[in-house]
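Just below is one structure, and these are the notes that go with it.
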Amino acid sequence: MGFIVAPDNKTPYSKLRSLIYVKWCDSIKPKGEPIVRSDSIFELYSILFNVALWYTKHAAKVVSTANVSEDEAKDAHLSLRTAAGLFSLLRTKYIHEFTEFVSNSDLDPNILDAYINQSLAEAQEITVARAIELKHKPHLIAGLANETAKFYEKCGLSLTQCNPKIVGKWKKYSEFKQFCYEAYAYIFYGSDLLIKEKAGQAIAALREASVPYNKAVCASREYTKVEGVSLSTKAPDHCFFRRLPGLIDRTKSKCEVDNGLIFHQKVPNVVPFLEVKAEHGIVTPKEPELNFELDPRWKASYIEFDMSNVIENIVLDSVSYLRTITSLQLISMQ
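In UniProt numbering, the protein residues as written are 1 to 334.
Structure (structure tokens):
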């Protein structure tokens, strides 16, 4: 009805933008004071933000079962990409329209960056799981795992700029996931090196996989102790985390046996550089197509809309309301 876009195209935004007061709670401070503003852009921002959150919750619900079907995996993957697209849209188009910066809130660019990268990381996790299930080449899986770790690293870096008492648990969870997928990257990188008959380097890579795994163990313990809004998750219970030590040991043992029987290569003291880059399967945000075209019949009404009268009526109504409340209080006292 013209609260966002001006039908006459004379101004970037509608003159009705500040007409109505709206109130929204914060996702990272659910028990805190809500943000109140007379701004239709803030209303649109909050609606899109909560739609994006719904997509992340929907994806989590879909993949929460023990056996996730192919259709469910696709649904969750698309939902997370859509969430990332909505958060990206808010980050690039709408957050700069606010004159007041509210740190440690849904209006904080750092929080938006964290949501974007976490949504992409969780979608990438589905890709990694699918690649492992279908037994794709280790080089591809290592690259995908490495990209997943980078997404979580970016999420943690964004949260570094925020109050640790609010986002401490979220940041620690991102670190936990980052270390887990760094370990997976080294495991499959080692398998790829063994295929290329570089058994010595493969063993070194598998030894290095234990380093991020041990960091993940520490992060999972610290997660329960740090302050912040709690996520509905228990880091040590994740199946991809529980599988890591066994996968490291089995893959390293295979590399050591093959090196002892076939290649007889020296294991380097320097860890081989993680030279892996996924050629396929990199997740990108799926931005929505929003259409704010107005009904042509509204244009004439918009032009005739006198904001000065609206403000005057609001003031008069407020004064009348206060007088009524005051008189009622006097009557009750009598």
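For each residue, glycine too, the CB sits at the ideal point set by N, CA and C.
Treat the numbers as computed from the prediction; the structure is a model and nothing was measured.
*asked:* Once the 5 residues before and after A6 are set aside, which same chain residues still bring their CB inside 8 Å of it?
replied: Excluding the 5 residues flanking it on each side, A6 has same chain C-beta neighbours closer than 8 Å at P12, Y13, S14, K15, Y302, in chain order.
*Near the ligand ZN: T224 beta-carbon under 7 Å from a heavy atom*: Here there are no bound small molecules, and the ligand ZN is not part of this structure.
*To the nearest whole angstrom, what separates the beta carbons of F188 and A219, a pair I think is in contact under 8 Å?*
No, F188 and A219 are not in contact; Cβ-Cβ is about 21 Å, not under 8 Å.
*asked:* Assuming S174 and C155 are in contact, meaning their beta carbons sit under 8 Å apart, how far apart are those beta carbons, in whole angstroms?
replied: Contact flag correct, Cβ pair sits at about 4 Å.
*Any chance the region 286 to 293 sits against the region 222 to 229, with 3 or more Cβ pairs inside 8 Å?*
Taking a cut-off of 8 Å for Cβ pairs, the region 286 to 293 and the region 222 to 229 do not touch, as fewer than three such pairs fall below it.
*In this structure, does DSSP put K172 in helix, strand or coil?*
Three-state result, K172: helix.
*Taking all protein chains shown into account, do 16 or more other C-beta atoms lie within 10 angstroms of the C-beta of Y21, making it buried, or fewer, making it exposed?*
So Y21 counts as exposed.
*In the structure shown, what three-state DSSP assignment does residue 336 receive?*
Because the chain here runs from 1 to 334, residue 336 falls outside it and cannot be looked at.
*For I35, three-class secondary structure by DSSP*: Three-state DSSP puts I35 in a strand.
_Could you pull the DSSP bridge partners for V22 from this structure?_
V22 is bridged by DSSP to R37.
_Close-in-space but distant-in-sequence residues of the same chain around Q334 (CB under 6 Å, 5 per side omitted)_ = Here Q334 scores only 49 on pLDDT, less than 50, and its place in the model is too uncertain to base an answer on.
*For H96, name the three-state secondary structure that DSSP assigns.*
Three-state DSSP puts H96 in a helix.
_I need the straight-line Cα distance from L80 to K23, nearest angstrom please._
L80 and K23 have their alpha carbons spaced roughly 26 Å apart.
*Do you know how far the Cα of I203 is from the Cα of E256?*
Rounded to whole angstroms, E256 to I203 spans 7 Å at the Cα level.
_8 Å Cβ cutoff met for D26 and D106_ = In contact: D26 and D106 (Cβ atoms closer than 8 Å).
_Neighbourhood of A131 by C-beta distance below 8 Å, restricted to the same chain and skipping five residues each side_ = Same-chain partners within the cutoff: L140, I141, L144, G281.
*Determine the direct distance from the alpha carbon of E279 to that of S109, and round the result to whole angstroms.*
Inspection of the sequence shows that residue 109 is occupied by Pro rather than by Ser. So the two alpha carbons sit approximately 30 Å from each other.
*Do the region 30 to 49 and the region 85 to 103 meet, that is, are 3 or more Cβ pairs less than 8 Å apart?*
By the Cβ rule, the region 30 to 49 counts as touching the region 85 to 103, because three or more pairs are nearer than 8 Å.
*asked:* I need the boundaries of the alpha helix (DSSP H) containing S66, first residue and last residue.
replied: Sequence check: residue 66 is Ala here, not Ser. Boundaries cannot be given for A66, as no alpha helix (DSSP H) includes it and DSSP labels it neither H nor E.
*Span of the alpha helix (DSSP H), counted from its first residue to its last, around Q201*: Q201: member of the alpha helix (DSSP H) spanning 199 to 223, first to last residue.
_Rounded to whole angstroms, what is the Cα-Cα separation between A185 and E72?_
For A185 and E72, the distance between alpha carbons rounds to 25 Å.
*May I have the straight-line CA-CA distance separating L120 from F151, to the nearest angstrom?*
About 7 Å.
*With 16 other CB atoms within 10 Å as the buried threshold, where does I248 fall?*
With 16 or more other Cβ atoms within 10 Å, it is buried.
*Where does the unbroken alpha helix (DSSP H) through residue 343 begin, and where does it stop?*
A question about residue 343 goes unanswered here, because the residues of the chain that appear run from 1 up to 334.
*Which residue from Y181, L194, V283 puts its Cα closest to that of Y213?*
It is Y181.
*Go ahead and label I331 buried or exposed: buried means 16 or more other beta carbons lie within 10 angstroms of its beta carbon, across all protein chains shown.*
Here the model assigns I331 a pLDDT of 48, short of 50, so the residue's position is not dependable, and the following value carries that caveat. Exposed, because fewer than 16 other Cβ atoms sit within 10 Å of the Cβ of I331.
_Span of the alpha helix (DSSP H), counted from its first residue to its last, around T251_ = Membership of T251 in the alpha helix (DSSP H) is indicated by the continuous run 244 to 258.
_For Y94 and L206, what's the separation of their Cα atoms in angstroms?_
Taking the straight line from one Cα to the other gives about 45 Å.
*Give the DSSP-derived three-state secondary structure of D108 in the structure shown.*
When secondary structure is reduced to three states using DSSP, D108 falls in the coil class, being assigned neither helix nor strand.
*Below 8 Å between beta carbons: does that hold for V229 and K172?*
Going by beta carbons, V229 and K172 fall outside the 8 Å limit.
*asked:* What would DSSP say about Q265, mapped onto helix, strand or coil?
replied: Three-state result, Q265: coil.
*How far does the alpha helix (DSSP H) with G281 in it reach, from first residue to last?*
Counted as a single uninterrupted DSSP element, the stretch harbouring G281 is not any alpha helix (DSSP H), since DSSP gives it neither H nor E.
_Residues of its chain near K299, where Cβ-Cβ distance is below 6 Å and the 5 sequence neighbours each way are ignored_ = Same-chain partners within the cutoff: P7.
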